[in-house]
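J.: Residue numbers (my numbering), protein chains in the order written: chain A, 528 to 799; chain B, 100 to 350. Note that CB positions come from ideal geometry on N, CA and C, so glycine has one too. All values derive from a computational prediction rather than experimental measurement. A single structure is presented below for examination.
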Amino acid sequence: MVGHSSEPVLRFEHVWLYFEDKPALEDVSFEILEGETRIIMGASGSGKTVLLKTALGLLKPDSGRVFVFGQDITRLNESELFDIRARIGVLFQEGGLFDSLTVEENVAYPLVNQKAAPRPLEDVRERVEEALRFVELEQTMDKLPSELSGGMRRRVGIARAIASKPALLLYDSPTAGLDPITAYTIVTLIIKERDTRKATTVVVTHRYQDGAWMANFRYNPESGCLEPLRNGSSTERRTRLMVLREGRIVFEGERCEFEAARDPYLVKFIKR
Amino acid sequence: MLDLLKGPVLSVQEFFGLTAKAVRNIFRGPHYLDDIFLQMDVIGFGSLPIVILTGFFSGAVMALQLSKALSTYGAVGKTGELVSISLTRELGPVLTSLMVAGRNSSGMASELGSMKVTEQIDAMRALGTDPIQKLVTPRLVATAVVLPLLTVIADFLGLFGGFVIAYALLKMTAAHYWNSAWQALEYSDITQGLLKPFLFAFVVALVGCYFGMQTTGGTQGVGRSTTRAVVVASVWIFVLDFFLTRIFVNL
């Protein structure tokens with residue numbers, strides 16, 4: 528059993544956030560424990576991305592508190608937030624790669640710019656190679672993001688997110704707009720990263736399939752493929768699902784509870 | 100009524116917030132020197148052709164127009180003097196800044212706007228850099244350095260344009276034209292002519308960056324920001340010019 532009794536890595540306490548007069552997050556409270564995998568689902572516009580950006584301190588809630596690694600980030604200023612963010616890896620919706628920088632410079636960006644960890648250049652290069660090898664794109668180092676396909680850009684985004692070996696990883700709609708084969712590759716990478724480093728993982732998605740994969744499969748380092756979790760071993764990693772609807776949490780629980788749910792909004796996700 | 104005012108007041112507040120942060124960042128690290136030099140190249144060297152052309156032709160047109168008016172008083176010989184004063188005090192700084200605003204405020208708004216809508220600005224913050232420090236301050240510093248220099252070039256080419264007209268059409272001698280142009284200038288003209296572009300640089304860079312950073316609504320939003328940046332920067336250059344001229348005239 529990993530992490531069940533440990534401190535929450537991320538905790539929201541009655542968070543409200545408004546865009547102009549419309550609430551984007553309404554009284555959102557939850558906590559994610561160390562080593563946990565959390566799948567956050569919801570239709571587009573339900574506040575999933577806003578929630579991730581609030582967790583990163585990119586958006587400030589209008590009321591309520593957000594704790595990351597036990598620290599209340601709603602009270603921190605931008606430069607104090609940099610230290611917290613250095614421990615979080617994030618993949619933005621479209622990858623969020625800097626299009627004026629090469630793939631190598633993109634992946635090196637957090638390593639070079641985070642104040643907390645100044646590193647010698649050879650070390651940076653080694654880390655970048657390692658991260659790109661992880662997503663199997665080490666041959667694209669000198670390319671610009673515009674020369675890559677959508678799926679490859681997403682993979683470079685993952686490489687950049689994991690380059691600094693963060694303790695918490697946030698993925699914003701990693702499979703949105705991708706074909707099923709590429710989507711599978713991306714989810715495989717996320718599971719591989721989760722199972723090799725045991726980092727706390729938060730995946731925001733509108734596809735239940737991604738959540739089901741994350742909950743039911745594990746990465747086998749010997750074969751290099753995903754394999755179904757055997758009965759009994761599912762307690763080894765805790766995967767919980769959460770569903771947002773118009774800024775509110777309408778479901779939080781295990782996969783079996785989700786599948787047993789009768790709520791028509793939740794059922795839609797499973798049937799799709 | 101109050102609701103109507105809320106939007107503009109908020110924009111002004113945010114604009115000055117951005118200005119304060121961008122200026123404060125000049126005095127504290129980290130400094131992105133590479134970005135400053137890159138922007139100087141883009142804004143300064145890149146604007147040379149249009150600045151040279153506008154400078155030359157505005158000087159030439161001034162000489163043509165003024166000689167016509169001056170001939171009524173039999174004072175065509177004063178053409179050089181008038182061209183040089185109006186160029187250094189007004190036309191050089193204003194036209195150069197307008198040209199650079201058209202070229203670079205729009206460029207900054209569209210570049211930063213695209214970065215905003217593709218979440219690159221968020222990514223920058225998430226990965227440990229302050230976007231104002233990395234994007235806005237270098238553009239501000241670069242513009243503030245190169246705009247006065249570009250103005251000097253525009254002034255000189257304007258004088259040269261005036262000279263071509265004076266020599267070829269008005270049959271003035273080179274010595275007469277350049278002497279009268281040189282003698283007409285006072286130190287206060289030069290101060291005014293260099294201080295104006297320095298202050299206009301703040302308008303050009305900060306308005307461009309502000310509209311870029313405020314962009315929402317995808318590619319359409321980028322287009323809107325770009326247009327707004329050019330319009331607002333141009334109008335503010337004229338407004339600021341009026342007040343600066345008012346101050347200098349009284350001095």
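Mapping DSSP to helix, strand and coil, what is Val-529 of chain A?
T.: Note that Val-529 of chain A scores 44 on pLDDT, short of 50, meaning its location in the model is unreliable and no value can be drawn from it.
J.: Once the 5 residues before and after Tyr-792 of chain A are set aside, which same chain residues still bring their CB inside 7 angstroms of it?
T.: Here the set comprises Arg-772, Val-777.
J.: Mapping the DSSP letters down to three states, classify Asp-669 of chain A as helix, strand or coil.
T.: Correct three-state label for Asp-669 of chain A: coil.
J.: Phe-406 of chain B and Ala-283 of chain B look like a contact to me (Cβ under 8 angstroms); what is the Cβ gap, rounded to whole Å?
T.: Look at the range of chain B in this structure, 100 to 350, and you will see that residue 406 of chain B is not part of it.
J.: Thinking just about the alpha-carbon of each residue, which of A:Glu-720, A:Ile-718, A:Gly-678 is nearest to the one in Thr-702 of chain A?
T.: Selected option, being the one with the closest Cα: A:Gly-678.
J.: Of all Cβ atoms in chain B, is any one closer than 8 angstroms to the Cβ of Pro-637 of chain A?
T.: Pro-637 of chain A counts as touching chain B.
J.: Which residues, taken in chain order from the segment 148 to 178 of chain B, show a beta carbon closer than 9 angstroms to some beta carbon of chain A?
T.: Taking 9 angstroms as the Cβ-Cβ cut-off against chain A, none of the residues of the segment 148 to 178 of chain B qualify.
J.: Please state if the CB of Val-182 of chain B and the CB of Leu-194 of chain B are separated by a distance shorter than 8 angstroms.
T.: Taking 8 angstroms as the Cβ cut-off, Leu-194 of chain B and Val-182 of chain B do not qualify as a contacting pair.
J.: Figure out for me which residue from B:Ser-185, B:Gly-317, B:Val-303, B:Val-348 has the closest Cα to the Cα of Ala-200 of chain B.
T.: Measuring from the Cα of Ala-200 of chain B, the nearest candidate turns out to be B:Val-303.
J.: Looking at Val-542 of chain A and Val-593 of chain A, is the spacing between their C-beta atoms short of 8 angstroms?
T.: For Val-593 of chain A and Val-542 of chain A, yes; Cβs fall inside 8 angstroms.
J.: If we define contact as Cβ-Cβ less than 8 angstroms, is Gly-572 of chain A a contact residue for chain B?
T.: No, no contact with chain B.
J.: What did DSSP end up calling Gly-622 of chain A once you bin it into helix, strand or coil?
T.: Gly-622 of chain A: strand per DSSP, three-state reduction.
J.: Note down, in chain order, every chain B residue with its Cβ under 7 angstroms from the Cβ of Glu-621 of chain A.
T.: What Glu-621 of chain A touches in chain B: Thr-217, Glu-218.
J.: Use the C-beta contact count for His-531 of chain A: other C-beta atoms within 10 angstroms, 16 or more gives buried, fewer gives exposed.
T.: Unreliable positioning characterises His-531 of chain A in this predicted model, as indicated by a pLDDT of 46, which lies under 50. The coordinate reading is nonetheless provided below. Exposed: under 16 other Cβ atoms inside 10 Å.
J.: Using a Cβ-Cβ cut-off of less than 8 angstroms, list which residues of the segment 558 to 584 of chain A approach chain B; keep chain order.
T.: If the cut-off is 8 angstroms between Cβ atoms, the segment 558 to 584 of chain A has Lys-580, Leu-583 near chain B.
J.: Please confirm if Gly-317 of chain B has its CB atom under 8 angstroms from at least one CB of chain A.
T.: Gly-317 of chain B does not count as touching chain A.
J.: In this structure, how does DSSP classify Phe-126 of chain B when only helix, strand and coil are distinguished?
T.: Coil, per DSSP.
J.: Within the chosen definition, does the segment 338 to 349 of chain B reach the segment 206 to 225 of chain B through at least 3 CB pairs nearer than 8 angstroms?
T.: Short answer: they don't touch.
J.: Starting from the C-beta of Asp-737 of chain A, find all residues in its chain whose C-beta is less than 6 angstroms away, skip the five residues before and the five after it, and write them out in chain order.
T.: Cβ neighbours of Asp-737 of chain A beyond the five flanking positions: Thr-702, Val-714.
J.: DSSP three-state call for Pro-535 of chain A: helix, strand or coil?
T.: Three-state result, Pro-535 of chain A: strand.
J.: Ignore the nearest five residues each way along the sequence and tell me which others in Arg-765 of chain A's own chain have a CB closer than 6 angstroms to its CB.
T.: The answer, listed in chain order, is Glu-563.
J.: Under 8 angstroms, with one C-beta from each stretch per pair, do the segment 748 to 758 of chain A and the segment 625 to 638 of chain A reach the 3-pair mark?
T.: With a cut-off of 8 angstroms, the segment 625 to 638 of chain A and the segment 748 to 758 of chain A do not count as touching, because too few Cβ pairs lie within range.
J.: Mind checking if Thr-314 of chain B is an interface residue toward chain A, Cβ cutoff 8 angstroms exclusive?
T.: It does not: the Cβ of Thr-314 of chain B has no partner Cβ on chain A nearer than 8 angstroms.
J.: Return the chain-ordered list of same chain residues with a C-beta closer than 6 angstroms to the C-beta of Tyr-735 of chain A, the five sequence neighbours on each side being excluded.
T.: Taken in chain order, the residues that qualify are Phe-796, Ile-797.
J.: What residues in its chain sit with their C-beta under 7 angstroms from that of Pro-230 of chain B, if we drop five residues either side in the sequence?
T.: Contacts found: Ile-220, Met-223, Arg-224.
J.: Based on Cα-Cα distance, which residue from B:Arg-127, B:Leu-350, B:Ile-142 lies nearest to Val-244 of chain B?
T.: Of the listed residues, the one whose Cα sits closest to Val-244 of chain B is B:Ile-142.
J.: Which term fits Met-100 of chain B, buried or exposed, when burial requires 16 or more other beta carbons within 10 angstroms of its beta carbon?
T.: It is exposed - the Cβ of Met-100 of chain B has fewer than 16 other Cβ atoms within 10 Å.
J.: Taking 8 angstroms as the threshold (beta carbon to beta carbon), is Phe-625 of chain A in contact with chain B?
T.: True, the Cβ-Cβ gap to chain B drops below 8 angstroms.
J.: Quick check: the segment 248 to 255 of chain B against the segment 141 to 158 of chain B, are at least 3 beta-carbon pairs closer than 8 angstroms?
T.: Result yes; three or more Cβ-Cβ pairs closer than 8 angstroms.
J.: Could you tell me the distance, in whole angstroms, from the CA atom of Val-529 of chain A to the CA atom of Asp-669 of chain A?
T.: Low confidence applies to Val-529 of chain A: its pLDDT is 44, below 50, so where it sits in the model is not reliable, and the reading given next is rough at best. Straight-line Cα distance between these residues: approximately 39 angstroms.
J.: Within its chain, find whatever has a CB closer than 7 angstroms to the CB of Ala-121 of chain B; leave out the 5 residues flanking it on each side and keep chain order.
T.: Only Ile-231, Val-235, Thr-236, Leu-239, Leu-305 meet the Cβ criterion.
J.: DSSP three-state call for Val-172 of chain B: helix, strand or coil?
T.: According to the sequence displayed, residue 172 of chain B carries Tyr and not Val. Tyr-172 of chain B falls in the coil class under three-state DSSP.
J.: Leaving out five residues before and five after Ala-688 of chain A in sequence, what residues of the same chain have Cβ atoms less than 7 angstroms from its Cβ?
T.: Taken in chain order, the residues that qualify are Gly-616, Val-617, Leu-618, Leu-696.
J.: Which ranges does the alpha helix (DSSP H) cover as unbroken runs of at least 4 residues, wholly within the segment 675 to 747 of chain A, from first to last along the chain?
T.: For the segment 675 to 747 of chain A, whole alpha helix (DSSP H) runs of length 4 or above, ordered along the chain, are 677 to 689, 707 to 724, 735 to 743.
J.: Which runs of the alpha helix (DSSP H) fall wholly inside the segment 202 to 232 of chain B and span at least 4 residues, in chain order?
T.: As far as the segment 202 to 232 of chain B is concerned, its whole alpha helix (DSSP H) runs of at least 4 residues are 205 to 216, 219 to 225.
J.: Give the residues from the segment 203 to 237 of chain B that approach chain A closer than 7 angstroms (Cβ to any Cβ), ordered along the chain.
T.: Flagged, chain order: Thr-217, Glu-218, Gln-219, Asp-221, Ala-222, Arg-224, Ala-225, Leu-226, Gly-227, Thr-228, Asp-229.
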